[in-house]
Amino acid sequence: MTILYNRIAVFRAERGVSRRELAETVGVNNQTIGYLERGDYKPSLELAMKIAAYFGVPIELLFSFRPFESVADTLRRAAAAGEPQ
Amino acid sequence: MTLLQRMDRLVYATRLDRIIFMKFQPRTFRWSPLLVMAVLVVGYVLMARTSSSPNRSFLIGSTLFYGAFIVAVFLRHFGPAAASRSLDERELVVKSRAYAISGIVFASFAMMSCFYMAVASAGLWGLWQPHTISDWITLGFGFQAAGNLLPTWIASWLEARPKADDED
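Protein sequences appear in the order of chains A and B. Under my numbering, read the first sequence as residues 5 to 89, first letter to last. Under my numbering, read the second sequence as residues 38 to 205, first letter to last.
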């Protein structure tokens, strides 16, 4: 079975949003957000789009069939790119 | 304060509103439906053995059976396959899968029961079969209780275990 990776927890932490707040906004049980974050449940397209719209990002920034780069790697890459030549 | 207002307050004070308006998180029941099912069977056996001449054993059997019947209704009401609560898409998926599996199990069981009754009614091997009206009616209630327990039990196993941090 294909694994659908997501970065809901990262976005939620970055925006300081609780599971309950996100769940209420997108119209699901807050446990469902927990299942989504752990990859125990794959959302419908409708739910995925609602979550992406809530964070104001394209859906592919939140969900991917390939593992997302870790935050540490992203920061390291960003720091390397920002260094003077 | 009028009587109606007092009664209204009492509903909220006793938290009955959480049950009436289904404001609670569903619970998973992974083992209790099996226990209730076993009590149903024991109760039915005790009742069926003495249904032609009810005695103390019949009374114990009917207490066990109908007690388990009521518990089965509660388990369904509070479990993940509850009929009356509004469910989100994940819960609906779990519920539909649980009912689909229950349907297959019930169909297979009904088929096996028909075969069993065919053999029992032919008088082969002295197999037991329901005789009295009470036997048949209780059997009907037993199927209803199983219809409550089976989806609850299956849905409870289909649900991934929630983590402690799910309640933030």
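Every residue, glycine too, gets a C-beta built ideally from N, C-alpha and C.
Interface partners of residue i on chain B, CB under 7 Å
i: N33/A; result: D125, E128
When the options are compared against residue i, the one with the closest alpha-carbon
i: E50/A; options: A82/A, E73/A, G31/A, S22/A; result: G31/A
i: Q181/B; options: S139/B, E196/B, A50/B; result: S139/B
i: N185/B; options: V131/B, A120/B, T39/B; result: A120/B
i: V75/A; options: S48/A, G86/A, V14/A; result: V14/A
i: R22/B; options: F59/A, G43/A, V21/A, T78/A; result: Nothing about residue 22/B can be reported from this structure: the residues present for chain B run from 38 to 205 only.
Residue i vs residue j beta-carbon contact at 9 Å
i: R16/A; j: L26/A; result: yes
i: F102/B; j: F178/B; result: yes
i: S171/B; j: S90/B; result: no
i: R19/A; j: I37/A; result: no
i: G98/B; j: R86/B; result: yes
i: A109/B; j: P63/B; result: no
i: I63/A; j: L40/A; result: no
C-alpha distance - residue i paired with residue j, whole-angstrom precision
i: D45/B; j: A82/A; result: 60 Å
i: V156/B; j: L164/B; result: 8 Å
i: N34/A; j: S158/B; result: 54 Å
i: T169/B; j: M154/B; result: 15 Å
i: T29/A; j: Y58/A; result: 8 Å
Chain A residues whose Cβ lies nearer than 8 Å to that of residue i
i: A109/B; result: The premise fails here: A109/B is roughly 24 Å from chain A at the closest Cβ pair, so nothing lies under 8 Å.
i: Q62/B; result: N33, Q35
Same chain only: Cβ atoms within 6 Å of residue i, ignoring 5 sequence neighbours per side
i: V76/B; result: L101, A105
Own chain residues within Cβ distance below 7 Å of residue i, not counting five before or after
i: A192/B; result: G116, P117, A118, V131, K132, A135
i: S68/A; result: Y9
i: T175/B; result: Y81, M84, F102
i: Y48/B; result: A quick correction: the sequence has Val, not Tyr, at residue 48/B. Closer than 7 Å at the Cβ level, and outside the excluded window around V48/B, lie D54.
8 Å Cβ cut-off: residues of chain B touching residue i
i: V51/A; result: Val is not the amino acid found at residue 51/A; the sequence shown has Leu there. Here the neighbours are E126.
7 Å Cβ cut-off: residues of chain A touching residue i
i: A197/B; result: Y39, D44
Sequence-distant residues of the same chain with beta carbon closer than 8 Å to residue i, five excluded per side
i: T82/B; result: It should be pointed out that residue 82/B corresponds to Val in this sequence rather than to Thr. Here the set comprises G98.
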